[in-house]
Amino acid sequence: MTAKLEHPSGIIKECPVGFSWTTLFFSFFVPIFRGDWKWLAIMVIADFFTAGVAWLAFPFFYNKKYIEDLVEKGYLPSTHRDADILSSVGIHPK
């Protein structure tokens, strides 16, 4: 399931919601491709200090954290359907 988020400047991002299979298989490469430098640093540091065990935890919450960061930067759901999808996972943009 995905939700589209739109920035007031017109930039639209389609974000996967829920479990992140891509993070499970590709680990810290996912934030690199998304340009999410904050979570890249967090993942690399956590993987280093846990000898890679943290890699198994990130797929469960990374998509939600990524969307929350976009909402903080001013992105909003494009449609009511997208807002409902975000609400279903506990994200309530203002």
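Remember, this note's numbering sits 298 above the position in the sequence shown when you count from 1.
Where a beta carbon is used, it is the ideal one built from N, C-alpha and C, also for glycine.
Query	Result
So, at 8 Å on beta carbons, what are the nonlocal neighbours of Gly388 in its own chain, with the 5 sequence-adjacent residues on each side left out?	Lys362
Give the straight-line distance between the Cα atoms of Val342 and Cys313, rounded to the nearest whole angstrom.	22 Å
Ala301 by DSSP, collapsed to three states: which one?	strand
Since Pro329 is in the alpha helix (DSSP H), which residue starts that stretch and which ends it?	327-332
So which of Ser386, Leu374, His390, Ser385 has the shortest CA-CA distance to Lys302?	Leu374
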